[in-house]
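Reading the sequence shown from the start, the letters are residues 46 to 306 in the working numbering.
This report refers to the structure that appears directly beneath it.
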Amino acid sequence: MLERYRGFLLDIDGVLVRGGQALPGAAEALAHLRGRGPVLLLTNNSTKSRAGTAERLRRAGILVEPHEVLPSSFVAARFLRTRFGPVRFWYIGEEGIREEMEAAGHTLVGPEEAEWIVVGMDRELTYAKLGQALRALLRGARLLATNEDPTFPTPEGLVPGAGAVVGALRGMGFPPEIVVGKPSPIAFQVALEVLGLAASEVLMIGDRLDTDVVGAQALGMDTALVLSGVTRAEELAGTKVKPTYVAQDLWALVQERLVQC
């Protein structure tokens, strides 16, 4: 089965780690996939840069290099640079957005000077930040969201995700002009560009039907759903979204022990 593909895209949470710890067999499965072709980890989490995400995974027991990681902070920075050149930006989010935007050649400015407002998950969100964003948007700044995930999993349970911040801005009359995170085609297009492969040559492995599977299938990629994250097997019977493969976890997938749905 896996010999059909020349490269692999993997989500992180629910596929490689859960609650800050590596899932059983995940490190070994990742090594197995690397033996078959290049691997990229595509995550909607914008709070960390590529290097920061790699370090987070290292602490969890998954060894990856920064160039193997594509957080939505990197996708946003690359997309803006490719489409618009270097831009002046302000952001609501965490250090991953600032680090990746500056690494791509964009310039951090105050909200009153920003051409683009880049929004991601922000665990220190304040009413004042929302007010600054509103005034910038009223002056003509454009809005890019790293993703619209409503919640984010932590060891303590779910917390508000980037979608909660985006929702506040939408409620003030400013929906994002661009969303780069899964299931947006932008995330997958950037990943394919980095891999240097066609969609038909790549397998997307994730734990969510609505982002990982739907987004990849829209670009013509085969998909593998693992049941080690948010999706339960019984949910598959009631959905029109049909992954190419289903397995209990990543280790079972690389061993080709599939779930029949």
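Ideal Cβ placement from N, Cα and C applies to all residues, glycine included.
query	result
C-beta atoms of valine 304 and valine 286 nearer than 7 angstroms	no
7 angstroms Cβ cutoff met for phenylalanine 119 and tryptophan 161	no
Cβ contact (3+ pairs, closer than 8 angstroms) linking the stretch 230-248 and the stretch 201-219	no
Cβ-based burial, proline 69 [other Cβ within 10 Å; buried from 16]	exposed
Proline 131 versus Gly150, Gly241, Glu158 and Arg123, residue with shortest Cα-Cα distance	Gly150
Check whether alanine 178 and asparagine 192 have beta carbons under 7 angstroms apart	no
CB of methionine 46 within 7 angstroms of CB of glutamate 301, strictly	yes
Own chain partners of glutamine 99 with C-beta closer than 7 angstroms, once the 5 adjacent residues on each side are dropped	Looking at the sequence shown, residue 99 is not glutamine but alanine. So the list reads Val109, Glu110, Pro111 and Val114, once near-sequence residues are dropped.
Neighbourhood of lysine 174 by C-beta distance below 6 angstroms, restricted to the same chain and skipping five residues each side	Ile137
Backbone secondary structure at glutamine 300 - three-state DSSP	coil
Rounded Cβ spacing between valine 60 and isoleucine 250 (contact assumed at less than 8 angstroms)	6 angstroms
Continuous alpha helix (DSSP H) assignments of at least 4 residues falling wholly in the stretch 122-204	140-148 and 172-183
Per DSSP, cross-strand counterpart(s) of arginine 63	Gln66
Sheet register partners of threonine 88 (DSSP bridge)	Pro116
Aspartate 252 beta carbon less than 7 angstroms from that of valine 271	yes
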